[in-house]
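Okay, so here's the structure we're looking at.
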Amino acid sequence: MFITDIRKEFYEVVANQRVALLVASDIDALCACKILQALFHCDQVQYTLVPVTGWQDLGTAFLEHKEQFRFFVLINCGANVDLLEMLQPDDDSIFFICDTHRPVDVVNVYNDTQIKLLIKQDDDLGVPSYDDIFRDEEDNDEEGGDSGNESDGGSEPSGKRRRFDEGAVERRIERQRARREWEARRREILFDYEQYEYHGTSVSKHAAMVFFELAWVLTKDTKDMLWWAVIGLTDQWVHDKITHMKYVTDVATMQRHVSRHNHRNEDEENSLSIDCMRISFEYDLRLTLYQHWSLFESICNSCYTSCHFKLWTLNGQKKLQEFLADMGLPLKQVRQKFNSMDMSIKENLRDVIEESSNKYGIKDIRIQTFGVNFGFKNRFLASDMVHAATALLESTEKDDSDSDSFIKALDSLSRSNLDRLHSGIDLAKKKLIAIQQTVASCIYTNLILSQGPFLYCYLMEGTPDVKLFSKPMALTLLCKYLLKAFVHSTRNKRCKLLPLIMAAPKDVEKGTVIVAGIPPESETSDKKNFFGRAFEKAAESTSSRTLHDHFDTSIIELKMEDRTKFLDALITLLS
Numbered sequence: 001m002f003i004t005d006i007r008k009e010f011y012e013v014v015a016n017q018r019v020a021l022l023v024a025s026d027i028d029a030l031c032a033c034k035i036l037q038a039l040f041h042c043d044q045v046q047y048t049l050v051p052v053t054g055w056q057d058l059g060t061a062f063l064e065h066k067e068q069f070r071f072f073v074l075i076n077c078g079a080n081v082d083l084l085e086m087l088q089p090d091d092d093s094i095f096f097i098c099d100t101h102r103p104v105d106v107v108n109v110y111n112d113t114q115i116k117l118l119i120k121q122d123d124d125l126g127v128p129s130y131d132d133i134f135r136d137e138e139d140n141d142e143e144g145g146d147s148g149n150e151s152d153g154g155s156e157p158s159g160k161r162r163r164f165d166e167g168a169v170e171r172r173i174e175r176q177r178a179r180r181e182w183e184a185r186r187r188e189i190l191f192d193y194e195q196y197e198y199h200g201t202s203v204s205k206h207a208a209m210v211f212f213e214l215a216w217v218l219t220k221d222t223k224d225m226l227w228w229a230v231i232g233l234t235d236q237w238v239h240d241k242i243t244h245m246k247y248v249t250d251v252a253t254m255q256r257h258v259s260r261h262n263h264r265n266e267d268e269e270n271s272l273s274i275d276c277m278r279i280s281f282e283y284d285l286r287l288t289l290y291q292h293w294s295l296f297e298s299i300c301n302s303c304y305t306s307c308h309f310k311l312w313t314l315n316g317q318k319k320l321q322e323f324l325a326d327m328g329l330p331l332k333q334v335r336q337k338f339n340s341m342d343m344s345i346k347e348n349l350r351d352v353i354e355e356s357s358n359k360y361g362i363k364d365i366r367i368q369t370f371g372v373n374f375g376f377k378n379r380f381l382a383s384d385m386v387h388a389a390t391a392l393l394e395s396t397e398k399d400d401s402d403s404d405s406f407i408k409a410l411d412s413l414s415r416s417n418l419d420r421l422h423s424g425i426d427l428a429k430k431k432l433i434a435i436q437q438t439v440a441s442c443i444y445t446n447l448i449l450s451q452g453p454f455l456y457c458y459l460m461e462g463t464p465d466v467k468l469f470s471k472p473m474a475l476t477l478l479c480k481y482l483l484k485a486f487v488h489s490t491r492n493k494r495c496k497l498l499p500l501i502m503a504a505p506k507d508v509e510k511g512t513v514i515v516a517g518i519p520p521e522s523e524t525s526d527k528k529n530f531f532g533r534a535f536e537k538a539a540e541s542t543s544s545r546t547l548h549d550h551f552d553t554s555i556i557e558l559k560m561e562d563r564t565k566f567l568d569a570l571i572t573l574l575s
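Numbering (UniProt numbering), first residue to last: 1 to 575.
Okay, structure coming up:
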């Protein structure tokens, strides 16, 4: 059931209770969790935080906590499956779900006792009407009634009775036919509704924004909470979950909140103190981590510029040198850390880069975003925070368990933990370099194969940095980068319109691979992904040993030996 008043129907309900917070492993969920934790601290609400990485984790977490808790808050997980069917909870357990995964499962929508959706109800969701998919089981009673009449009518003349029988039989056949038609229509409606997986609609909000607006309604919103809401939005954009139009609209909403907060603090002495925090709206460069790197390395390792210049070719390298010359920037300056560049160059750097980019056909090198200053020394863009937190969340260090990585990523979002944030930025740089090198080698060695209805690329065991790509967000980012690079480098027009499936080794001992599918690369894409359903069908039809454990249905795990038959089934299915 959709909740209309989040304050009354959610916050006031849980305010005096003990709450279990089940939080998915993505940055928007982490930010939403930080905001909710801050609110709970304000009102002294007792809660237990449990990070969950997939459906199995969620099931285990619920089993461990169902005795102590009645109220469960699920952040960025749980909306797109029939939760009650999966968890089999007691009748008094109540689930509050704040999730950007779509489509929302119809049972969750129409259950009004145990499932409360913290999701804005809108027409874009396209939820089928109740009568089209649910039907009362009264037919059987009617059939039973007919047979009763037959036995009662024993004393009536046989001719009359036969006519009566014929009438009953016809009615029953008619009812069965109507039921079959209704079921066929129901299957069709559900197929259309569940066919594509996507994140939010044009009017829905990301999880961090939902809880920030709750804090605002409660008049408890702080600058930290606003910054977390900004990072949550930027995460959706960095990981390509929302359309550009949706991003721009949401940035405008955030900008109003930023102006309000900055205006509120202008009179306070706080704005001059050494540990103050100032959020600003920026029209900044689409160069990843450039303020914490050298400009040269950032241009080389940002998907946007690297694909435009085709930096994996010699011509591309030459073009980049010409581009730098055109800007009139000395190589010595470009190759040293951004912080150490001459002030005279830094002052109008953005305008200079934008001007040269337009000459080289790189449109939109600048993007609307937000920056933050902690005191006088530390400055970060929202995208820096996203990359750093993601790198910590998907750390591949041997000693780190999933929950250790979760806590580190959560810590890096606090301004009191800048050392953690800087270590995240260093990890993010390594990851971006690894992605760039992998893309270059895949294109050079023609690892991307056209399989008919989709492109396919498999990273062999032994590829450098392959361990990094056993993590879902890293693999998806590589996928998007690789597809963009391939579209820029191929001459085959048909291939430019194809989606991409990518597989990488997950666990060598168990012999499993992780498989991710992404929709075709296009500016106007609505970001809807059909691979989730396709993967299920292909696994079913070939009895492949797969594990559909990720909250994103377009990412699965598969046994190495079943890879060939699974791919063949996919080709047949999508042709």
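By construction, the Cβ of each residue, glycine as well, lies at the ideal position given by its N, Cα and C atoms. Just so you know, these numbers come straight off a predicted model, no measurement behind them.
By alpha-carbon positions, which one of the options ends up nearest to residue i?
i, options, result
"Ala203", "Lys559, Asp426, Val251, Lys337", "Ala is not the amino acid found at residue 203; the sequence shown has Val there. Nearest C-alpha to Val203: Val251."
"Thr396", "Gly375, Gly424, Phe374", "Gly424"
"Ala434", "Leu478, Cys42, Leu558", "Leu478"
"Trp215", "Lys377, Leu455, Trp293, His257", "Before going on, a small fix: residue 215 reads as Ala here, not Trp. It is His257."
"Thr438", "Cys495, Ala504, Val106", "Ala504"
"Asp351", "Val372, Gly328, Lys332", "Gly328"
"Tyr47", "Cys33, Gln56, Leu58", "Cys33"
"Phe406", "Met1, Leu22, Tyr360, Asn16", "Leu22"
"Asn529", "Gln88, Leu83, Glu197", "Glu197"
"Arg180", "Asp224, Ile133, Gly200, Ala168", "Ile133"
"Ser401", "Pro51, Cys31, Gln121, Leu118", "Pro51"
"Trp237", "His488, Lys527, Asp465, Phe535", "Lys527"
"Phe323", "Glu354, Asn348, Ser302", "Glu354"
"Ile97", "Ser298, Phe2, His199, Lys318", "Phe2"
"Leu349", "Asn315, Pro330, Thr253", "Pro330"
"Asp384", "Lys359, Leu413, Gly361, Gly532", "Leu413"
"Gln291", "Leu118, Lys241, Glu347, Gly232", "Glu347"
Taking the alpha-carbon positions, what's the residue i to residue j distance?
i, j, result
"Ile27", "Asp90", "31 Å"
"Thr4", "Arg175", "39 Å"
"Tyr304", "Asp411", "29 Å"
"Lys484", "Gln436", "12 Å"
"Arg379", "Asn339", "11 Å"
"Gly153", "Asp165", "Residue placement at Gly153 is flagged as unreliable, the pLDDT there being 42, under the threshold of 50; the coordinate-derived value follows with that caveat. Each residue's alpha carbon lies about 10 Å from the other."
"Asn270", "Gln255", "Below a pLDDT of 50, predicted positions are generally treated as unreliable, and Asn270, at 49, falls in that range; the measurement from the model is reported next regardless. Cα to Cα, the separation comes out at about 21 Å."
"Cys77", "Thr553", "11 Å"
"Cys495", "Ser522", "12 Å"
"Leu475", "Leu468", "8 Å"
"Phe566", "Arg102", "25 Å"
"Ala440", "Leu432", "12 Å"
"His488", "Gln321", "19 Å"
"Leu418", "Asp404", "18 Å"
"Ala510", "Tyr456", "Looking at the sequence itself, residue 510 is Lys, so the reference to Ala does not match. Approximately 23 Å between the Cα atoms of the pair."
Given a cut-off of 7 Å on the beta-carbon distance, is the pair residue i and residue j in contact?
i, j, result
"Glu394", "Lys471", "yes"
"Ser357", "Asp326", "no"
"Val19", "Phe71", "yes"
"Ala428", "Ala409", "no"
"Ser294", "Lys332", "no"
"Phe211", "Ile35", "yes"
"Val81", "Asp105", "yes"
"Ile279", "Trp227", "yes"
"Gly296", "Val334", "Note on residue identity: the sequence assigns Phe, not Gly, to residue 296. A contact, by the Cβ cut-off of 7 Å."
"Ala382", "Thr234", "yes"
"Ser525", "Ala569", "no"
"Ala534", "Leu558", "no"
"Phe370", "Val230", "yes"
"Ser302", "Leu287", "yes"
"Ser575", "Gly452", "yes"
Taking the beta strand (DSSP E) that residue i falls in, what are its first and last residues?
i, result
"Leu289", "Taken as a continuous stretch (DSSP letters only), Leu289 belongs to no beta strand (DSSP E), as it is neither H nor E."
"Gly371", "366-374"
"Cys307", "Not the beta strand (DSSP E): Cys307 falls in the alpha helix (DSSP H), residues 303-309."
"Ala79", "That residue, Ala79, is in no beta strand (DSSP E); it is neither H nor E in DSSP."
"Val50", "46-52"
Grab the span of the alpha helix (DSSP H) containing residue i for me, first residue to last.
i, result
"Ser424", "A quick correction: the sequence has Gly, not Ser, at residue 424. Residues 418-444."
"Tyr481", "472-489"
- request: Inspect the CB distances between the segment 201-221 and the segment 547-554 and report whether three or more fall short of 8 Å.
  value: no
query: So, do the segment 6-17 and the segment 60-67 have three or more beta carbon pairs nearer to each other than 8 Å?
result: no
query: If we count Cβ pairs, one from each stretch, closer than 8 Å, do we get three or more for the segment 184-200 versus the segment 126-133?
result: yes
message: Contact between the segment 486-505 and the segment 516-531 is defined here as three or more beta-carbon pairs at a separation below 8 Å; is this criterion met?
response: yes
- prompt: Per the contact definition of three or more C-beta pairs closer than 8 Å, is the segment 39-54 in contact with the segment 109-118?
  reply: no
message: Counting beta carbon pairs with one atom in the segment 440-453 and one in the segment 365-381, are three or more of them shorter than 8 Å?
response: no
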